[in-house]
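Engineer: Basically the working numbering = 1-based index in the sequence shown + 7.
Yeah, the Cβ is synthetic: ideal placement off N, Cα and C, and Gly gets one too.
Before we start, here is the structure in question, set down as structure tokens.
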Amino acid sequence: MKKYIKILALLVIGLMFIAGCSPKNDAADNNKAPATDGELKFKIYLAGSTPGGGGVWDMIGAGLAEAITRGNKGSSVTVVPGGGVSDVPVVSNGEAELGLTHSVIAVAGEKGIDPFKEKYTNVKGVVSLYTSQLQFMVNPKTGIEKITDIKEKKIAIRIAVGDPGSTGELATKRLLNAYGMTYEDIESWGGKVLFKDMGEAASMFGDGIIDAFTLLTLAPNGPLQQVATNKDVRMLPIDEDVIQKMVADYGYSEAIVPQSAYNFLEKDIPSFSSQVVLITSEDRSEQEIYQITKSLVENLDYIRSIHNNLKGLTEKNMLSTGVELHPGAAKYFREKGVL
């Protein structure tokens, strides 16, 4: 895995809108009627792809491109790799018109907090796609029953926290900080912090190489289900005061990992979550984003078929983008009676 999450850019999407659209206008012209004979070219950045493709977000990115194409005949989509965690600044600066990211990353850009050093206040939501819950897994043999045990007993835990710089790793670091711990603390107690993606972490957990790992993903998660068939696992609940801190400080949402998600769970587990969302800049015209939103909603059945993570998607939960909806998206959802 590379140090930072990969980004895919869907380049040169020639969208021939039914009414036609002009190229990007100045902010003052955002709500003007588009030209009748123009071709609109888009870059869509998709954070969270995997090296060589084939990951969940690669599949979702290709599917969103197909949905947009279906809604705008004559469009063409080329998928090429990018890199870094720059989807928010890239969209904000107009280098790309749309981006796939986590809602908490969009909120971080809006607030100018880690992983950003400046504010990106013009980033707006288009649609939300699915929810990723924080899942904190430990080996029951460690004796850890709650997260506070780690600090209070100074347990020398070997924990995988996600790829460095990833949304999952950021959530884990923030969570530990909310409990008054740092990576350095864990290592000072004789533990070890490893930066591994969820698939590799689950494998290492199954082999006994690590004692714990975290995931920020939709439950149920395949690698976790697989390792749980051969090894005892325990999911730790997040304390209510910590959940509220994560919500207030960073824009996460209260969440539950339902008992029905995994065979090893005996009850629902309280946690927090982030939404995977499509973002844009407020500088994009209302008509452009209205048409994009319309294409996605009208192809909702197709989008649900792209990946299991999307099968529960509804018009209503498409609204939960973390940041304010773009006026074009808001207009479409109001017309649908959803907003």
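What first and last residue would you give for the alpha helix (DSSP H) that runs through Leu141?
Structural biologist: Careful: Leu141 lies outside any alpha helix (DSSP H), inside the beta strand (DSSP E) at Val130 to Val145.
Engineer: Just checking, does the stretch 66 to 79 make contact with the stretch 303 to 312 on the three C-beta pairs under 8 Å criterion?
Structural biologist: They touch, by the three-pair rule.
Engineer: Using DSSP with H/G/I as helix, E/B as strand and the rest coil, what is Gly106?
Structural biologist: Here Gly106 sits in strand by DSSP.
Engineer: Determine, using beta carbons only, whether Thr174 and Ile286 come nearer to each other than 8 Å.
Structural biologist: Their beta carbons are not under 8 Å apart, which means Thr174 does not touch Ile286 by this criterion.
Engineer: List the whole-angstrom C-beta distance separating Tyr257 from Arg181, where the pair is believed to meet the contact cut-off of C-beta under 8 Å.
Structural biologist: Indeed, because the Cβ distance is near 6 Å, the residues count as touching under 8 Å.
Engineer: Quick check on this structure: which residue in Pro227, Ala235, Asn228 and Ser195 has the alpha carbon closest to the alpha carbon of Asp214?
Structural biologist: Comparing Cα-Cα distances from Asp214 to each of Pro227, Ala235, Asn228 and Ser195, the minimum goes to Ala235.
Engineer: Could you work out which residue in Glu322, Ala226, Ala209 and Val304 is closest to Pro277 when comparing CA atoms only?
Structural biologist: Ranking the options by Cα distance to Pro277, first place goes to Ala226.
Engineer: Go ahead and label Ala113 buried or exposed: buried means 16 or more other beta carbons lie within 10 angstroms of its beta carbon, across all protein chains shown.
Structural biologist: With 16 or more Cβ atoms within 10 Å of its Cβ, Ala113 is classed as buried.
Engineer: Quick one, which of Ser139, Pro122 and Pro96 has its alpha-carbon nearest Ser327's?
Structural biologist: Ranking the options by Cα distance to Ser327, first place goes to Ser139.
Engineer: With 16 as the cutoff for other CB atoms within 10 Å, does Gly229 come out buried or exposed?
Structural biologist: When all chains shown are included, Gly229 counts as exposed.
Engineer: Quick one: what does DSSP say Ala113 is sitting in, helix, strand or coil?
Structural biologist: Residue state, collapsed to three classes: helix.
Engineer: Which word fits Lys124, buried or exposed, when buried means at least 16 other C-beta atoms lie within 10 angstroms of its C-beta?
Structural biologist: Exposed, since its Cβ has fewer than 16 Cβ neighbours within 10 Å.
Engineer: Enumerate in chain order the residues of its own chain whose CB-to-CB distance from Leu201 is below 6 Å, with the five nearest sequence positions on each side excluded.
Structural biologist: Contacts found: Ala167.
Engineer: Going along the chain, which residues of its own chain have a beta-carbon closer than 7 Å to the beta-carbon of Tyr259, five neighbours each way excluded?
Structural biologist: If we look at Tyr259 and ignore the five residues flanking it on each side, its Cβ neighbours are Val111, Met253, Phe279, Ser280 and Ser281.
Engineer: What residue from Ser99, Lys238 and Thr155 has the CA that sits closest to Asn184's CA?
Structural biologist: Here the closest residue by C-alpha is Thr155.
Engineer: Report the three-state DSSP secondary structure of His333 (helix, strand or coil).
Structural biologist: DSSP places His333 in coil when its eight states are reduced to three.
Engineer: Going by DSSP, what residue range makes up the beta strand (DSSP E) through Phe279?
Structural biologist: Here the beta strand (DSSP E) through Phe279 covers Ile276 to Ser288.
Engineer: Taking C-alpha atoms, which residue in Thr224, Gly62 and Ile75 lies nearest to Ala262?
Structural biologist: Considering only alpha carbons, the answer is Thr224.
Engineer: Which residues in the same chain as Lys203 place their Cβ atom closer than 6 Å to its Cβ, once the five residues preceding and following it in sequence are excluded?
Structural biologist: Here the set comprises Ala167.
Engineer: Touching or not, the stretch 186 to 202 and the stretch 287 to 299, by the rule of three or more beta carbon pairs under 8 Å?
Structural biologist: Because the criterion of three Cβ pairs below 8 Å is not met, the stretch 186 to 202 and the stretch 287 to 299 do not touch.
Engineer: Rounded C-beta distance between Val345 and Lys323? I'm assuming under 8 Å.
Structural biologist: Indeed, because the Cβ distance is near 6 Å, the residues count as touching under 8 Å.
Engineer: Could you spell out the range, first to last residue, of the alpha helix (DSSP H) harbouring Val234?
Structural biologist: Gly229 to Ala235 is the span of the alpha helix (DSSP H), which, as asked, contains Val234.
Engineer: By the 10 Å Cβ neighbour count, where 16 or more other Cβ atoms means buried, how is Glu295 classified, buried or exposed?
Structural biologist: It counts as buried.
Engineer: Relative to the alpha-carbon of Met144, which residue among Thr128, Asp170, Leu332 and Ala219 has its alpha-carbon at the smallest distance?
Structural biologist: Measuring from the Cα of Met144, the nearest candidate turns out to be Ala219.
Engineer: How far does the alpha helix (DSSP H) with Leu177 in it extend, from its first residue to its last?
Structural biologist: It spans Thr174 to Ala185 - the alpha helix (DSSP H) in which Leu177 sits, taken as one unbroken run.
Engineer: Would you list the one or two residues that DSSP bridges to Ala167?
Structural biologist: Leu201 and Phe220.
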